[in-house]
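Read the structure below first, then the notes.
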Amino acid sequence: MTKKSKKRKWPANQEPVKKKKKRKEESVKKVQKPKIIPHSHYLFRVGQHTKERLKISNITDLILFASLQDVHPRCQSWCQIEGADKVHKVVIVIVSGVGAKEFLENKDNFPKCSSLFELGINTKASGTYFSVKLPHESLLFIDMPKEQRKKLRKRLEKSDTKLGREDYKLTLEEMRQNNFPLPSAVSGDDIGEGEHNGFISTKPFKKSKKSPESPMFAIDCEMCNSALGKELTRISLVDESCKVVYDTLVKPPRLILDYKTKFSGITAEMLENVTTTLTDVQRHLVDILPADAILLGHSLEFDLTALKLYHTRVIDTSLLYGDSNGVPLFKSSLRNLARQHLKKDIQNGENGHCSIEDAKTCMELVQLKIKNGPYFGRTFTGKEGLFERIERSKKRGSFLDFPGVVKKFGKGATHAVTCSSDEEVVSGAVELMESSDIIWTHLHEAEMFFKEGQSSICDKQQRTFKDVLHSVDSRIQQIHDAVPSDCLLLVMFGCSNLSPVIRLQSQAKENQASRSELKEVVRKTKNGLCFLKIT
């Protein structure tokens with residue numbers, strides 16, 4: 001019989017090097033956590049100025065890299081994730097209305113956020129010299145893979161989809177986002193915009209199952225400048241046959257500082273014997289318009305504000321013609337849309353714009369869109385929704401946001417949840433955390449604070465901005481505490497309050513000084529922060 005060879009037992013200090021190394025590697029492999037390492041150029045440091053700011057699209061690359069392990073060169077150029085395959089999920093928190101400026105000026109109001117995150121990145125929102133693209137739009141639209149672009153282009157070329165006029169109406173959330181005047185009953189505010197300042201509502205609409213197709217009316221107004229801002233000087237209303245239903249000059253109650261004749265065509269002589277008032281116009285419109293009327297216009301929020309009129313069934317031609325995903329990156333002028341789609345020139349007269357001509361043009365553009373379908377007039381951008389990509393990769397996505405944002409960007413999400421408050425966003429995110437691979441949350445409280453600040457509520461009744469920031473800070477912690485281990489958490493303060501930009505945009509059309517100021521304000525507004533963490 002042969003003796004069984006015994007395995008030699010080595011003293012600990014004499015163990016072969018290969019075995020030691022193998023055991024060490026296995027030990028490291030067991031405990032190694034994912035780690036994110038950004039380039040130092042983009043790091044956020046309090047009190048230190050930096051010119052290096054990361055594009056929002058680079059943050060999207062990181063999200064894709066972490067959630068899908070896709071290879072994105074742009075992500076690799078600014079950061080690395082060690083152990084990316086061990087990242088279990090990605091959680092995104094977007095804070096609207098707060099950018100780098102607001103965060104730095106109110107850092108004491110973010111005690112929890114400051115203690116939870118050690119890593120911050122300086123970011124810059126997209127846009128032009130004179131406009132800011134909303135950061136969440138940049139995050140949620142990504143470049144399609146080449147094969148997907150080919151498929152979509154073919155589908156657009158062959159598409160014969162038809163929608164009715166009701167399908168092109170703006171949602172209430174879209175109206176909020178575009179600064180339409182809304183009554184408190186639908187705005188959710190204690191006091192609707194201007195309810196103590198002469199605003200009235202059109203006839204209440206009650207939907208009926210057997211109701212016929214709702215009539216459309218296109219409207220356009222001309223305005224002058226008084227001591228209190230823009231005031232109505234002319235209104236024109238046309239029906240679906242482009243027949244003029246109502247057209248009148250209007251005498252403002254205050255002294256006119258600028259007739260804006262170059263744009264409005266209105267002169268002092270034209271208004272000399274006019275006695276029609278804004279109140280007369282409001283009463284007439286309420287009489288003319290049926291309860292189910294759909295009002296059309298170009299940047300219609302300005303017309304309804306000048307009319308001090310609430311009407312929630314609207315189609316806006318400045319938003320109607322977007323890109324291949326249906327969302328316009330920047331609004332086209334009515335003149336450009338008319339030239340491109342109707343093959344006609346408008347607003348060329350030496351005596352200013354004609355409100356009848358503009359109203360007819362809006363009607364024709366909407367009718368053309370309805371006739372040719374939702375894809376007509378869209379620019380092919382070769383982009384798709386972030387959650388469409390997530391869905392195609394067989395990942396589970398949860399999208400929690402306000403209704404208008406969910407409608408635009410929630411396609412592809414396993415759970416697309418419409419929320420009416422930040423509280424609902426947070427509670428929904430906590431509930432869906434375990435069952436999701438990627439979660440989108442959007443906090444609007446700071447953004448809504450600035451919009452509410454334009455109403456007539458007295459200061460003592462309003463919450464202070466610091467109160468709002470403390471609330472935002474607490475909600476960020478709530479989400480943070482619900483995120484499991486080894487997950488990527490991003491909190492983005494994408495850009496500053498947009499109210500100053502919107503105000504200057506309306507002035508810059510006529511004032512070169514305002515244009516220069518707008519450019520500087522836009523530059524600062526684009527600056528944001530993104531906090532990153534592997535939990």
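Just so you know, we're using the UniProt record's numbering here: the sequence shown kicks off at 1 and counts up by one. Glycine included, each C-beta is placed from N, C-alpha and C at the ideal position. Only a predicted model underlies this, so the values are computations on that prediction, with no experimental measurement involved.
Please report the distance separating the alpha-carbon of residue i from that of residue j.
i	j	result
S455	F117	In this prediction, S455 scores a pLDDT of 39, lower than 50, which makes its location untrustworthy; no coordinate-derived value is stated.
A291	D239	15 Å
F531	L140	18 Å
G47	S40	Unreliable placement is indicated for G47, whose pLDDT of 47 sits below 50; the coordinate value is still reported in the next sentence. Answer to the nearest angstrom: the Cα atoms are 16 Å apart.
D486	N109	28 Å
I235	E166	25 Å
Y129	L300	24 Å
T36	I390	In the sequence as presented, Thr is not what sits at residue 36; that position holds Ile. Cα to Cα, the separation comes out at about 21 Å.
L529	T248	50 Å
L228	G373	42 Å
L271	I370	38 Å
K162	I356	29 Å
S126	P212	44 Å
C224	L255	10 Å
G83	A429	25 Å
F449	S471	12 Å
T123	P38	13 Å
C311	L170	The amino acid at residue 311 is misidentified as Cys; the sequence shows His. Answer to the nearest angstrom: the Cα atoms are 11 Å apart.
M433	T414	12 Å
P34	K86	6 Å
F199	V244	25 Å
V521	Q478	33 Å
L309	N178	16 Å
F465	A446	8 Å
I121	C79	11 Å
K260	G297	20 Å
V327	S138	Confidence is the limiting factor: at V327 the pLDDT is only 46, short of 50, which leaves the residue's position unreliable and the question unanswerable from this model.
T233	L285	15 Å
T276	E231	13 Å
D190	S184	Residue placement at D190 cannot be trusted, given a pLDDT of 42 that sits under 50; the coordinates are not used to answer.
Residue i lies in the alpha helix (DSSP H); which residues open and close that run?
i	result
N336	L334 to L337
V430	D422 to L432
R234	Not the alpha helix (DSSP H): R234 falls in the beta strand (DSSP E), residues G229 to V238.
G404	P403 to F409
V472	F465 to A482
G177	Looking at the sequence itself, residue 177 is Gln, so the reference to Gly does not match. That run of the alpha helix (DSSP H) goes L172 to Q177.
C362	S355 to N372
C113	P111 to L116
F65	I56 to L68
Q80	Here Q80 belongs to no alpha helix (DSSP H); instead the beta strand (DSSP E) covers C79 to E82.
K35	Taken as a continuous stretch (DSSP letters only), K35 belongs to no alpha helix (DSSP H), being part of the beta strand (DSSP E) at K35 to P38.
F103	A100 to E105
V281	L278 to I288
A268	A268 to L271
Confirm the yes/no value for this check: CB of residue i, any heavy atom of the ligand SAM, distance under 6 Å.
i	result
Q148	Of ligands this structure carries none, so the ligand SAM is not represented either.
Please name the residue or residues paired with residue i in a DSSP beta bridge.
i	result
I92	W440 and L490
V244	V238
F399	A416 and W440
A218	V238 and L296
N225	K230 and D258
L43	I121
T128	S131
S201	Y310
L249	R234
Can you name the start and end residues of the beta strand (DSSP E) that residue i belongs to?
i	result
L532	N527 to I534
L119	L119 to K124
C87	Residue identity check: residue 87 is Val in the sequence provided, not Cys. It is not in any beta strand (DSSP E) - V87 carries neither H nor E in the DSSP assignment.
V314	V314 to D316
E384	K383 to G385
L295	I294 to G297
F180	Unbroken run through F180: none, as it is neither H nor E.
D143	F141 to D143
Compute the beta-carbon to beta-carbon distance between residue i and residue j, rounded to the nearest angstrom, for a pair I have assumed lies under 8 Å.
i	j	result
S214	I294	5 Å
E67	D437	For clarity, residue 67 is Ser in the given sequence; the question names Glu instead. Going by Cβ atoms, the distance from S67 to D437 rounds to 6 Å, so yes, they are a contact pair.
F321	R378	For clarity, residue 321 is Tyr in the given sequence; the question names Phe instead. About 7 Å; that satisfies the 8 Å criterion.
I81	H136	23 Å between Cβ atoms; not a contact.
D473	K107	That belief does not hold up - the Cβ atoms of D473 and K107 are roughly 10 Å apart, past 8 Å.
V91	V406	Their Cβ separation, rounded to whole angstroms, is 17 Å, which puts V91 and V406 out of contact at 8 Å.
P403	E173	4 Å
I315	V366	6 Å
D61	K383	About 14 Å; that fails the 8 Å criterion.
For residue i, would you say it is in contact with chain D, using Cβ-to-Cβ distances shorter than 7 Å as the test?
i	result
F117	Considering every chain present, this structure includes no chain D. It has just one protein chain.
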